[in-house]
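Engineer: Residue numbers (this note's numbering): 18 to 150.
1) Considering only the beta carbon of each residue, do residue 126 and residue 68 sit closer than 8 Å?
2) With burial defined as no fewer than 16 other Cβ atoms inside 10 Å of the residue's Cβ, what is the status of residue 48: buried or exposed?
3) What separation, rounded to the nearest whole angstrom, lies between the Cα atoms of residue 64 and residue 130?
4) Write down the C-beta distance between residue 137 and residue 39 rounded to the nearest angstrom, noting that I regard them as a contact closer than 8 Å.
5) Rank 80, 139, 113 by C-alpha distance to the C-alpha of residue 12 and give the top, closest one.
6) Does residue 96 come out as helix, strand or coil in the three-state DSSP assignment?
7) Residue 105 to residue 58, Cα distance in whole Å?
8) What number of angstroms, rounded off, separates the C-alpha of residue 36 from the C-alpha of residue 95?
9) Give the secondary structure of residue 107 by DSSP, where H, G and I count as helix, E and B as strand, and everything else as coil.
10) CA-CA distance, residue 83 and residue 52?
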């Protein structure tokens, strides 16, 4: 199994995922700072938590999804991708639950930031052109 790890295809996928995650983190930090300056602390915490609930599962998914690559490892690629999706969904649900149970947040800024983080990976090719890697 370790034969298929860390080849050029996995490096390309990890680089692309890290750019997407870096963009998401930068946007979350920027929006949190702007909301803290223009609104109140609760709004900034709501924005930050919405971003974290979106970004953290994406990090876990990227780690799992780009663990293997290549045609000879196709079964491992599919298995790691689907296990990454499952973990991402469970982690997202757990983070939503913990956020709404233990923090006082404003739902609208929270959900706006969460949705923005979900859309950002689709927008990355627009900033870099139409090339994926």
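Where a beta carbon is used, it is the ideal one built from N, C-alpha and C, also for glycine. If you're wondering where the values come from, they're calculated on a predicted model, not measured in any experiment.
Structural biologist: Checking against the coordinates, here is how it stands:
1) No. Outside cutoff.
2) Residue 48 is buried by the Cβ-count criterion.
3) So the alpha carbons of these two residues sit roughly 6 Å apart.
4) About 10 Å separates the CB atoms of residue 137 and residue 39; that is not less than 8 Å, and the two are not in contact.
5) Residue 12 lies beyond the stretch modelled for the chain, which goes from 18 to 150, so this question has no answer here.
6) Assigned with DSSP and collapsed to three states, residue 96 falls in helix.
7) One alpha carbon belongs to residue 105, the other to residue 58, and they sit about 28 Å apart.
8) Straight-line Cα distance between these residues: approximately 22 Å.
9) Three-state result, residue 107: helix.
10) For residue 83 and residue 52, the distance between alpha carbons rounds to 34 Å.
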